Amino acid sequence: MSLVKYEIYSKVSELQSFTKAAEVLGMTQSAVSHAMANLEKELGFTLFHRSRGGLTLTNEGRSMLVSIRKVLHYDEQVQQEAAKITGLMKGTVKVGTFTSVSSTWLPEIIKSMEQSYPYIRIELIEGDYEAIDRWILNGKLDCGFINVDSSSHFDVIPLKKDRLRCIVSTDHPFSTRSEISVQELKGIPFIMPTYGGYHEVKDLFAKAEIQPNIRFELMAEDSIKSMVAHNFGVSILPELLLETIPKNCVVMPLKEESYRILGLAMKFNLSPAAKRFVEITERWLASFY
C-alpha cells in the first residue's frame, strides 16, 4: 500500500472532508476520493461513514488511523535522518499550542527556527491541554505545550512558572487593592475561563473550598478581559495572558501562591527536526526570561 494513500487518508481524517483535503493537498476531489476508495478496497473494510453532513470515521477507520500515523511518523524520521546525513536539516514538526503561547512565545521561537533551520516546516495545531495530550498520544503531534500537572504520559520539559493573577475593572471596589485573597472572591460575580482538561482556576477555588459565583463562562481570553473591563465581574488569568490588558483594567497578585507550570510534552522517539524545535524553544526561553 502506498504511503501517498496513507498521507491522503490522514489528511482526510483530520479535515473530515474530501474537498478540504483536496485543497490542502493540491489535488482534485475525485483523485482524493479515488485514492480512499482504493485504500478501502485494499484493506477490505470501510474507513468512513459518508453522509450529507460530511465524513466520520468508522470504528475500523479510527483503529487504522493510529497505526497509519505511526507509519507516517517513522517515514518522516527516515527522510529527516537522510537529510541530516547529506548536511541539510529538513522536515516537518507538528506542534500543539494554546492562545497564551501562540500569541507570546511562538512568533519569536518560529523566527529563530527559520533563521537556524530554514528547511524545517512548523505546523501549529491549537487546542486545550486535554486535546494536545491526546494528539501527542495518537501521533497527530510531535510535541505540544501543556500545563505540566495535566499530563503524565510523556517526557515533559518544564519551561516557565506562570503565576495566576486577579483582573478587575477600575470601577470595581477591589481596584485600589495591592493584592487579593481567593476567599475574598466568594460571592463576587466571576468570569470563568473555560476549556477542557486540567483547569488551574477551578482547582484554585476547589482548594479554597469556595463555589465561585460564575456570571459567564468564556473560552476566548480577550472576551474575558473585555467583560472584566465593562465591570461584569472579576476573573483570574495566567500572567502570560495579561501582558496586554484594556486600559480600564487592573491586575493584582493573589495572596495565595498560585501558578501553572508550562512545559513542552513530546514523544519518546522524536524526529531530528522535532529535536531541533525543542532545543530552539529551550534556548529562546532561557534568553528571554
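Residues in the sequence shown are numbered consecutively from -11, following the numbering used here.
C-beta: ideal position from N, C-alpha, C; glycine also.
Values in this document were obtained by computation on a predicted structure and should not be read as measured data.
If you run the structure through DSSP and keep just helix, strand and coil, what is residue i?
| i | result |
| --- | --- |
| G127 | coil |
| A208 | coil |
| A196 | coil |
| P161 | helix |
| Y(-6) | helix |
| P241 | strand |
| F276 | helix |
| K29 | helix |
| P234 | coil |
| T44 | strand |
| S169 | coil |
| T269 | helix |
| M15 | coil |
| G84 | strand |
| L252 | strand |
| Y247 | strand |
| P106 | coil |
| L94 | helix |
| G49 | helix |
State the Cα-Cα distance for the pair residue i and residue j, rounded to the nearest angstrom.
| i | j | result |
| --- | --- | --- |
| V54 | G32 | 18 Å |
| G84 | T232 | 23 Å |
| V189 | S18 | 48 Å |
| S259 | V266 | 11 Å |
| V0 | G79 | 21 Å |
| S223 | L206 | 11 Å |
| G221 | K99 | 38 Å |
| L242 | Y117 | 24 Å |
| H22 | S5 | 14 Å |
| K255 | E64 | 14 Å |
| L173 | E270 | 37 Å |
| P95 | A262 | 17 Å |
| H141 | D121 | 8 Å |
| D191 | N26 | 50 Å |
| L229 | S88 | 5 Å |
| N47 | K29 | 16 Å |
Between residue i and residue j, how many whole angstroms is the CB-CB distance? I'm expecting something under 8 Å.
| i | j | result |
| --- | --- | --- |
| M240 | R153 | 7 Å |
| V81 | I110 | 5 Å |
| L147 | L252 | 6 Å |
| V279 | F193 | Nothing about residue 279 can be reported from this structure: the residues present for the chain run from -11 to 277 only. |
| P161 | M180 | Between M180 and P161 the Cβ distance is about 20 Å, and since that is not below 8 Å, they are no contact. |
| N248 | P226 | Before going further, note that residue 248 is Arg rather than Asn in the sequence given. Indeed, because the Cβ distance is near 6 Å, the residues count as touching under 8 Å. |
| R38 | K128 | That belief does not hold up - the Cβ atoms of R38 and K128 are roughly 22 Å apart, past 8 Å. |
| I268 | I97 | 6 Å |
Count the other CB atoms, across all protein chains shown, that sit within 10 Å of the CB of residue i; report buried if there are 16 or more and exposed otherwise.
| i | result |
| --- | --- |
| R264 | buried |
| T158 | exposed |
| L143 | Here residue 143 turns out to be Asp, not Leu, going by the sequence shown. With fewer than 16 other Cβ atoms within 10 Å, it is exposed. |
| F178 | buried |
| G49 | buried |
| R40 | exposed |
| G132 | buried |
| Y105 | buried |
| A70 | exposed |
| K213 | buried |
| E11 | exposed |
| S138 | buried |
| S211 | exposed |
| E167 | exposed |
| N257 | exposed |
| Y(-6) | buried |
| L(-10) | Per the sequence shown, residue -10 should be read as Ser rather than Leu. By the neighbour-count rule (16 or more Cβ atoms within 10 Å), S(-10) is not buried but exposed. |
| Y136 | For the record, residue 136 in the displayed sequence is Val; it is not Tyr. Flag for V136 reads buried. |
Provide the residue(s) that pair with residue i in DSSP beta bridges, ordered along the chain.
| i | result |
| --- | --- |
| S223 | I155 |
| F178 | I202 and V222 |
| S39 | G42 |
| A10 | DSSP, once it has assigned bridges, lists no residue as partnering A10. |
| G132 | G84 and A253 |
Quick one: is residue i near chain B, going by C-beta distance under 9 Å?
| i | result |
| --- | --- |
| S1 | Note that chain B does not occur in the displayed structure, where there is just one protein chain. |
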